[in-house]
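Start counting the sequence shown at 4; every next residue gets the next number (the working numbering).
Glycine residues also receive a C-beta, built at the ideal position from the N, C-alpha and C atoms.
Just below is one structure, and these are the notes that go with it.
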Amino acid sequence: MSFCSVDLTPAAVSEALLHRYPAGGGPLPAINEKFQIKKKSYVFINFLYAFYSIIFTVVIPALPVLTLKICNDNSSRASLLYGTANFVRYISEFIASPFMGSMADYSGRRPLLMIAFLICGVEFILLALFPSVPMLYLTRSMAGTMYNICACTML
Numbered sequence: 004m005s006f007c008s009v010d011l012t013p014a015a016v017s018e019a020l021l022h023r024y025p026a027g028g029g030p031l032p033a034i035n036e037k038f039q040i041k042k043k044s045y046v047f048i049n050f051l052y053a054f055y056s057i058i059f060t061v062v063i064p065a066l067p068v069l070t071l072k073i074c075n076d077n078s079s080r081a082s083l084l085y086g087t088a089n090f091v092r093y094i095s096e097f098i099a100s101p102f103m104g105s106m107a108d109y110s111g112r113r114p115l116l117m118i119a120f121l122i123c124g125v126e127f128i129l130l131a132l133f134p135s136v137p138m139l140y141l142t143r144s145m146a147g148t149m150y151n152i153c154a155c156t157m158l
């Protein structure tokens with residue numbers, strides 16, 4: 004007595020697969036071509052992310068030295084300034100994450116990634132050209148707002 008009327012022998016399964024997906028064509032080549040086009044479209048974004056990561060590894064170790072220079076070699080004030088600037092960064096990241104996620108869902112990830120990389124580049128340029136306390140807070144809040152898009156979207 005059989006509960007199933009379908010023949011599940013290996014010969015019947017292979018015949019059904021060959022009938023559904025013939026060796027000379029079928030839906031598989033179209034799917035492969037579609038995925039190859041998508042892979043090529045993210046090459047530039049991956050390059051930007053690698054470039055941003057290199058710049059990030061140079062700038063982040065230099066920030067304590069920059070804050071010490073801004074504070075005229077007063078190490079206690081520089082450490083307080085550096086800590087509050089990082090606090091501003093992480094608070095802005097915490098507040099902006101839901102909004103940036105919904106914007107990425109609405110407009111797509113690619114345009115938002117391009118805007119995020121542009122703003123992060125502007126942040127580094129502003130901090131290099133105008134080292135001051137308000138600019139440090141402004142650039143750290145810009146980094147917090149846009150860094151979650153740069154990092155999380157690339158995963």
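Q: Confirm, please, whether the CB-CB distance from residue 69 to residue 134 is below 7 angstroms.
A: In the sequence shown, residue 134 corresponds to position 131, counting from 1. In the sequence shown, residue 69 corresponds to position 66, counting from 1. Their beta carbons are under 7 angstroms apart, which means residue 134 touches residue 69 by this criterion.
Q) Taking the continuous alpha helix (DSSP H) assigned at residue 70, which residues delimit it? A) One-based indexing of the sequence shown puts residue 70 at position 67. It spans 46 to 73 - the alpha helix (DSSP H) in which residue 70 sits, taken as one unbroken run.
Q. Roughly how many angstroms separate the alpha carbons of residue 140 and residue 53, rounded to a whole number?
A. Your numbering for residue 140 matches position 137 in the sequence shown. Your numbering for residue 53 matches position 50 in the sequence shown. Going by the C-alpha atoms only, they are around 25 angstroms apart.
Q) Beta-carbon separation of residue 148 and residue 99 under 7 angstroms? A) Position 145 of the sequence shown holds residue 148. Position 96 of the sequence shown holds residue 99. It is a contact, given that the beta carbons lie within the stated cut-off.
Q) Where does residue 142 land, buried or exposed, given buried means 16+ other C-beta within 10 angstroms? A) Indexing the sequence shown from 1 puts residue 142 at position 139. Classification for residue 142: buried.
Q. Would you report the Cα separation of residue 117 and residue 48, rounded to the nearest angstrom?
A. Start at 1 with the first residue of the sequence shown, and residue 117 comes out as number 114. Start at 1 with the first residue of the sequence shown, and residue 48 comes out as number 45. Cα-Cα distance, rounded: 8 angstroms.
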